[in-house]
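Q:
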Amino acid sequence: MGCLMSARLSSGAALQEVQALQEVRAECGADQVLPCTAEGKPGVRYRSVSWYKEGAPPAPRLQGLLFIDLPVGVTRRYSGARRAELNASRDLQLDNLTCADRGVYSCQLAAPLGEQNREGRVELAMTECPELKEPEFEELKEPEFPELKEPPRNHLTDAQLLLLASLVLTFSLLLFIAAYVSLMKLLRDRNRALTRAPLRAEKQLLSFSTPGSRAPHGYLKKDRKESGERHHLFPESCLDGELSAALPAERESAGVVFTSRIIKYIYTFKRLLSAPEKCLLNAL
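Numbering of the sequence shown is given in the UniProt record's numbering, commencing with residue 1 and proceeding in unit increments.
1. Going along the chain, which residues of its own chain have a beta-carbon closer than 6 Å to the beta-carbon of E123, five neighbours each way excluded?
2. How far does the beta strand (DSSP E) with Q63 in it extend, from its first residue to its last?
3. Which value, in whole angstroms, describes the spacing of the CA atoms of Q116 and P143?
4. Excluding five sequence neighbours on each side, which residues of the same chain lie with their C-beta closer than 6 Å to the C-beta of D31?
5. Using the DSSP secondary-structure output, state which residues sit across from V181 in a beta bridge.
6. Could you tell me the alpha carbon to alpha carbon distance between D69 and V49, rounded to whole angstroms?
7. Between A125 and A26, is the Cβ-Cβ spacing less than 9 Å?
8. Taking the beta strand (DSSP E) that G120 belongs to, which residues open and close that run?
9. Just list the residues that DSSP pairs K53 with in beta bridges.
10. Take V44 as the anchor and find which of R61, P71, L161 and T37 has the nearest alpha-carbon.
11. Does DSSP put L113 in a helix, a strand or coil?
12. Would you report the Cα separation of S106 and E128, rounded to the nearest angstrom?
13. Ends of the beta strand (DSSP E) at E85?
Shown next, in the form of structure tokens:
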């Protein structure tokens, strides 16, 4: 099967300066030879020749095909390059072409130390295959997530909880006020009792009962509020006027009466010792 070829050869130059590009067209299923367009410098013995296939844009990557060590003459084949052969003129021969074989091939000459490497590029185009189109990249969009809706709250339950808390606080406040008032009342009554206790004891010391006894006129003072008769053995001028004016009227037990009488005798005797002249003059 014949092959249609058209070549566009550019001038050979150094790898770093000008790259050679040649376009080759072929039909599917045919055999095709791709020439190495890398021109070597006369007198330079290059170390190796390598053939690569460039990947498709936008990220081209070199795929190794064949490698030949020139001083030794050993050819090494990369994996996946079973249909590629290298002839004596460093050209690459491809058998039974397919649409997957189209693309750009690169031929590289590795120079010794002090010299520049050389590279030539050949583009293989297939006549019966659809043209390659650059991949179109769609703009990435942020994924749309469904909006999370907040579950409806039970407003009635919240209101009930608020009302219950208010009632508890109010009840606690009322209990506190009632306890405070009761405590203050208890303390007030206790203070009154403690204040009246010394005065009452002193009144009891100034009065005693002597049933059936009599005293001269001016020495005896009766209090008929009690069942017995209450006598003061000495005139009122010997006693404290304010204390002797308010005598207790309640009935006392025998033990308390006996004790109070002894204390009253002692207190009266003390008063006689402190003002004997006044009490004797009043007695006369």
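We put the CB at the ideal spot given by N, CA and C, even for glycine.
A: Looking at the coordinates:
1. The beta carbon of E123 is closer than 6 Å to those of E23 and V104 in its chain, skipping five residues each way along the sequence.
2. Its beta strand (DSSP E) spans residues L62 to D69.
3. Computed Cα separation, rounded: 52 Å.
4. Counting only Cβ-Cβ distances below 6 Å, and skipping sequence neighbours, we find D95.
5. For V181, DSSP records no beta bridge to any residue.
6. Cα-Cα distance, rounded: 7 Å.
7. Going by C-beta atoms, A125 is nearer than 9 Å to A26.
8. Per DSSP, G120 is one residue of the beta strand (DSSP E) stretching across R118 to M126.
9. Looking at the DSSP assignment, K53 forms a beta bridge with Q63 and Y105.
10. Among R61, P71, L161 and T37, the Cα nearest to that of V44 belongs to P71.
11. DSSP places L113 in coil when its eight states are reduced to three.
12. Going from the Cα of S106 to the Cα of E128 covers about 23 Å.
13. Unbroken beta strand (DSSP E) run through E85: A84 to L86.
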